[in-house]
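One line per chain: the protein sequences are A and B, in this order.
Mapping the first sequence onto the numbering used here, position 228 (from 1) lands on 214, and the numbers just tick up by one.
To convert a position in the second sequence, counted from 1, into the numbering used here, add 684.
Built from N, CA and C at the ideal position, the CB exists for glycine as well.
Note that this is a predicted model, so its numbers are computed, not measured.
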Amino acid sequence: MGIIKAKQLVHEYIRRDEEGNVESIQTALDHVDLDVEPGQFIAILGHNGSGKSTLAKHINALLTPTEGSLWVNGMDVSEEQNVLPVRQTAGMVFQNPDNQIIASVVEEDVGFGPENIGVPTEEIWQRVEESLKSVGMLEYRTHSPNKLSGGQKQRVAIAGVVAMQPKCIVFDEPTAMLDPNGRKEVIRTAHELNQKKGVTVILITHYMEEVVDADRVIVMDQGKVVMQGTPREIFSQVGKLKEYRLDVPQITILADLLRQSGLDIPVGVLTREELVGHILRLAQVEPPAK
Amino acid sequence: MLRDITLGQYYPADSVIHKLDPRVKLFATMLYIVSLFCFKGIAALLVISLFLFAVIRISKVPFKFMVKGLKAIMILMLITALFNLFLTPGEPVVSFWIFKITAEGAKNAVLMVIRLVYLILGTSIMTLTTTPNQLTDGLEKALMPLSKIGVPVHAIAMMMSIALRFIPILIEETDKIMKAQMARGADFESGNLVQKVKNMIPLLVPLFVSAFRRADDLAMAMEARCYNGGEGRTKMKPLHYENRDRAAYLIIVGYLVVVLLCRRFLPFPM
Chain A
-13 MGIIKAKQLV HEYIRRDEEG NVESIQTALD HVDLDVEPGQ FIAILGHNGS
37 GKSTLAKHIN ALLTPTEGSL WVNGMDVSEE QNVLPVRQTA GMVFQNPDNQ
87 IIASVVEEDV GFGPENIGVP TEEIWQRVEE SLKSVGMLEY RTHSPNKLSG
137 GQKQRVAIAG VVAMQPKCIV FDEPTAMLDP NGRKEVIRTA HELNQKKGVT
187 VILITHYMEE VVDADRVIVM DQGKVVMQGT PREIFSQVGK LKEYRLDVPQ
237 ITILADLLRQ SGLDIPVGVL TREELVGHIL RLAQVEPPAK
Chain B
685 MLRDITLGQY YPADSVIHKL DPRVKLFATM LYIVSLFCFK GIAALLVISL
735 FLFAVIRISK VPFKFMVKGL KAIMILMLIT ALFNLFLTPG EPVVSFWIFK
785 ITAEGAKNAV LMVIRLVYLI LGTSIMTLTT TPNQLTDGLE KALMPLSKIG
835 VPVHAIAMMM SIALRFIPIL IEETDKIMKA QMARGADFES GNLVQKVKNM
885 IPLLVPLFVS AFRRADDLAM AMEARCYNGG EGRTKMKPLH YENRDRAAYL
935 IIVGYLVVVL LCRRFLPFPM
């Protein structure tokens, strides 16, 4: 059984008026099935309001399913006594770096999670040091988070989650408020954690460039999982992605246009290197005519 | 202007003062304040000044950092000084029109200003050398007995540390909103007091909305990291007294005794 398994998961946001009568029901998750193997790097794509953040909050037991069920590491999230163990297994990094840092000193913030789960003092120090090192922020341990850049703050937030030694980390649009440099830092950190520590990563984003290295991409729209597959499989369906109001990496679009104009380039080119390779290959076979 | 308040801003450095237990620092600050308000005589003032500047030196915090905190209370100091100067009863030394300055008034004004300056300097040593988290840890531990009678000490301490963490963020946000509203033609400067207060509405409403949103996000982030109140929590930096803390207790009590002795035996010229 996978580390995260959802079966026919439904979540409805119910708005009530002052008397408690139901005013409107909004279905954020509509019978979602999901199965994530340990150690995978999963990317979830979707337009605003597609339900991807709602799904993320279920994995961390911040929301409970209206219908259906979700297991994290074999634990049912809707059971009260599982809430804390689930949160310990599946950590979560949020969008706004400022609003998830609790302490005024970097190392104290990283220690916050381990403190909450009752880790002995010496081990907290060890974990703090290790996790700050794993995100490359060890030299900033005594700094105030206010003086860090967005990307650095987000890495501190990641360290705070890593210090709880979760098996899985959910990144809920971690780069939405960062500049391009910060975005690269955060995505690189996520990949490193996945490769070096074997942490299962679920990356929720709407930047296409960030998902090309994922093991699997899941596309959501209006609360449903609408596409699933490797990045190559997903991005070869440019038309379908446009339907879900998603962009395709520019390089994929360029490759697609070249292919349509008659060049022999396969569908689903993801990186610049790949495209350059194809073009070089073509150039050798039929040198460009003057 | 708002950025100049150094209260609650930790200055990282490696000094004995930084390493002291926050409970010692809290206690010392309290005694120091007591000493400021009961000293008498130039001798005691010398003792206090020596003590204060020695501690500042030891703390390795640059002096200009502390002075920043003073700017914020400039007006308060001015008003206090003026009130003392003109409104203290006694034999007038100088008098013109309805104003008269008495010897006591002049003395009180000077003393009050010294007191306020020393008060800010002394307390900012504490806030500059103690992280807000340590400070609240110290308060939490010192007040723990109160939790037996139902005071939610842990929750209060947590709220305080979060408030301290968010003060600079909210100040920055205020600045940003202010500029954004000014760009749209809002006017925060002119008009009488009532108008000025009214003009604040376009600043306060977005600020409150954003503060609530932040609170919501933060609560979620805390829950996601398994926070569920004070029970079963361990401490990354647990508090226990070391020899230097005991020594510091002795020094601070000794200091207060000296100040009180000066008051008793050398109370001149004041």
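Consult DSSP for methionine 904 of chain B and reduce its assignment to one of helix, strand or coil.
Looking up residue 904 of chain B in the second sequence gives position 220. Of the three classes helix, strand and coil, the one that applies to methionine 904 of chain B here is helix, per DSSP.
I'd like the span of the beta strand (DSSP E) that includes tyrosine 716 of chain B, first residue to last.
Taking the first residue of the second sequence as 1, we reach residue 716 of chain B at position 32. Taken as a continuous stretch (DSSP letters only), tyrosine 716 of chain B belongs to no beta strand (DSSP E), being part of the alpha helix (DSSP H) at 706 to 722.
How about the segment 63 to 71 of chain A and the segment 15 to 23 of chain A: do they share at least three Cβ pairs that are nearer than 8 angstroms?
no
Assuming proline 113 of chain A is part of the alpha helix (DSSP H), what are its boundary residues?
On the first sequence, position 127 is the one that residue 113 of chain A refers to. Note on residue identity: the sequence assigns arginine, not proline, to residue 113 of chain A. Segment 107 to 120, the alpha helix (DSSP H) holding arginine 113 of chain A.
Using 8 angstroms as the threshold, is the C-beta distance between methionine 78 of chain A and valine 147 of chain A below it?
On the first sequence, position 92 is the one that residue 78 of chain A refers to. On the first sequence, position 161 is the one that residue 147 of chain A refers to. Result yes, Cβ atoms of methionine 78 of chain A and valine 147 of chain A sit closer than 8 angstroms.
Chain-ordered neighbours of aspartate 84 of chain A on chain B, where CB pairs are closer than 7 angstroms:
For the purposes of this step, residue 84 of chain A is taken as the residue at position 98 of the first sequence. By Cβ distance, chain B contributes Ile853.
For the 8 angstroms Cβ check, are there 3 or more pairs between the segment 164 to 177 of chain A and the segment -5 to 4 of chain A?
no
With C-beta atoms as the reference, is threonine 107 of chain A less than 8 angstroms away from methionine 920 of chain B?
As a working mapping, residue 107 of chain A is identified with position 121 in the first sequence. As a working mapping, residue 920 of chain B is identified with position 236 in the second sequence. Result yes, Cβ atoms of threonine 107 of chain A and methionine 920 of chain B sit closer than 8 angstroms.
Beta-ladder partner(s) of tyrosine -1 of chain A, from DSSP
Against the first sequence, residue -1 of chain A aligns to sequence position 13. Tyrosine -1 of chain A pairs with A/Gln12.
Buried/exposed call for glutamine 879 of chain B, threshold 16 Cβ in 10 Å
Residue 879 of chain B sits at position 195 when you count from the first residue of the second sequence. It counts as exposed.
Selection from A/Glu53, A/Asp242, A/Ala89 and A/Gln236 that minimises the alpha carbon distance to threonine 13 of chain A
As a working mapping, residue 13 of chain A is identified with position 27 in the first sequence. With distances taken between Cα atoms, threonine 13 of chain A lies closest to A/Glu53.
Using the beta-carbon count (16 or more within 10 Å), is glutamine 86 of chain A buried or exposed?
Locating residue 86 of chain A in the first sequence gives position 100, where the first residue counts as 1. Under this definition glutamine 86 of chain A is a buried residue.
Backbone CA spacing between lysine 43 of chain A and phenylalanine 98 of chain A [nearest angstrom]:
Reading the first sequence from its first residue, position 57 is the one you call residue 43 of chain A. Reading the first sequence from its first residue, position 112 is the one you call residue 98 of chain A. Taking the straight line joining both Cα atoms gives about 20 angstroms.
With C-beta atoms as the reference, is serine 90 of chain A less than 8 angstroms away from tyrosine 694 of chain B?
Residue 90 of chain A sits at position 104 when you count from the first residue of the first sequence. Residue 694 of chain B sits at position 10 when you count from the first residue of the second sequence. In contact: serine 90 of chain A and tyrosine 694 of chain B (Cβ atoms closer than 8 angstroms).
Residues of chain C with CB under 7 angstroms from tyrosine 911 of chain B, in chain order?
Protein chains in the displayed structure are A and B, and chain C is not among them.
What are the start and end residues of the alpha helix (DSSP H) that includes isoleucine 220 of chain A?
Within the first sequence, numbered from 1, the residue matching residue 220 of chain A stands at position 234. Start and end: 217 to 221.
Chain B contacts from the segment 55 to 75 of chain A (Cβ-Cβ distance under 7 angstroms):
Leu70, Arg73 and Gln74
Can you list, in chain order, the stretches of the alpha helix (DSSP H) that have 4 or more residues and sit fully within the segment 844 to 887 of chain B?
Fully enclosed alpha helix (DSSP H) runs of no fewer than 4 residues occupy 877 to 883 of the segment 844 to 887 of chain B, in order along the chain.
Cα separation between valine 8 of chain A and leucine 31 of chain A?
Counting from one through the first sequence, the residue named residue 8 of chain A turns up at place 22. Counting from one through the first sequence, the residue named residue 31 of chain A turns up at place 45. Straight-line spacing of the CA atoms in valine 8 of chain A and leucine 31 of chain A works out to 31 angstroms.
With DSSP run on the structure shown, which of helix, strand or coil describes histidine 33 of chain A?
Here residue 33 of chain A is taken as the residue at index 47 of the first sequence, counted from 1. Coil, per DSSP.
The segment 160 to 167 of chain A / the segment 881 to 890 of chain B touching (three or more Cβ pairs under 8 angstroms):
no
Flag methionine 884 of chain B as yes when its Cβ comes closer than 7 angstroms to any non-hydrogen atom of the ligand NAP, and as no otherwise.
In the structure on display, the ligand NAP does not appear, and there are no ligands present to speak of.
Beta carbon proximity, leucine 710 of chain B to chain A, threshold 8 angstroms:
For this step, residue 710 of chain B is matched to residue 26 along the second sequence. With 8 angstroms as the cut-off, leucine 710 of chain B does not count as an interface residue toward chain A.
Using only the alpha-carbon positions, how far apart do threonine 186 of chain A and isoleucine 28 of chain A sit?
As a first step, residue 186 of chain A is located in the first sequence; it is residue number 200 there, counting from the start. As a first step, residue 28 of chain A is located in the first sequence; it is residue number 42 there, counting from the start. Their Cα atoms are separated by approximately 8 angstroms.
Can you confirm whether the segment 820 to 831 of chain B touches the segment 769 to 781 of chain B when touching is taken to mean that 3 or more C-beta pairs between the two stretches lie within less than 8 angstroms?
no
Could you compute how far the alpha carbon of aspartate 199 of chain A sits from the alpha carbon of serine 120 of chain A?
Within the first sequence, numbered from 1, the residue matching residue 199 of chain A stands at position 213. Within the first sequence, numbered from 1, the residue matching residue 120 of chain A stands at position 134. One C-alpha to the other measures close to 20 angstroms.
Three or more beta-carbon pairs under 8 angstroms between the segment 219 to 237 of chain A and the segment 188 to 206 of chain A, yes or no?
The segment 219 to 237 of chain A makes contact with the segment 188 to 206 of chain A: 3 or more CB pairs, one atom from each, lie closer than 8 angstroms.
Nearest-angstrom Cα distance between phenylalanine 767 of chain B and arginine 799 of chain B?
Taking the first residue of the second sequence as 1, we reach residue 767 of chain B at position 83. Taking the first residue of the second sequence as 1, we reach residue 799 of chain B at position 115. Looking at the two C-alpha atoms, the distance is approximately 15 angstroms.
What residues from the segment 744 to 764 of chain B come within 8 angstroms of chain A, judged by C-beta to C-beta, listed N to C?
Answer set for the segment 744 to 764 of chain B: empty.
Contact belief for leucine 891 of chain B with glutamate 926 of chain B at Cβ below 8 angstroms, rounded distance in angstroms:
Working through the second sequence from its first residue, we reach residue 891 of chain B at position 207. Working through the second sequence from its first residue, we reach residue 926 of chain B at position 242. No, leucine 891 of chain B and glutamate 926 of chain B are not in contact; Cβ-Cβ is about 43 angstroms, not under 8 angstroms.
Simplified DSSP state of glutamate 775 of chain B, which is helix, strand or coil
Stepping through the second sequence from its first residue, residue 775 of chain B is reached at position 91. In this structure, glutamate 775 of chain B counts as coil in the three-state DSSP scheme.
Proximity test, Cβ basis, 8 angstroms: glutamate 907 of chain B and chain A
As a position in the second sequence, residue 907 of chain B is number 223, starting the count at 1. For glutamate 907 of chain B, the answer is yes, since a Cβ of chain A falls inside 8 angstroms of its Cβ.
Check whether chain B comes within 8 angstroms of alanine 89 of chain A, counting only Cβ atoms and requiring the distance to be less than that.
Position 103 of the first sequence, counted from the start, is the residue given in the question as residue 89 of chain A. At least one chain B Cβ lies under 8 angstroms of alanine 89 of chain A.
Using 8 angstroms as the Cβ pair cut-off and three pairs as the minimum, do the segment 724 to 743 of chain B and the segment 754 to 764 of chain B touch?
no
Can you tell me the Cα-Cα spacing of leucine 691 of chain B and serine 808 of chain B, whole angstroms?
In the second sequence, counting from the first residue as 1, residue 691 of chain B sits at position 7. In the second sequence, counting from the first residue as 1, residue 808 of chain B sits at position 124. At leucine 691 of chain B the pLDDT is 46, less than 50, meaning the model places this residue with poor confidence and gives no usable figure here.
Checking 8 angstroms against the spacing of the C-beta atoms, do valine 96 of chain A and valine 114 of chain A come in under that value?
Taking the first residue of the first sequence as 1, we reach residue 96 of chain A at position 110. Taking the first residue of the first sequence as 1, we reach residue 114 of chain A at position 128. Yes. Within cutoff.
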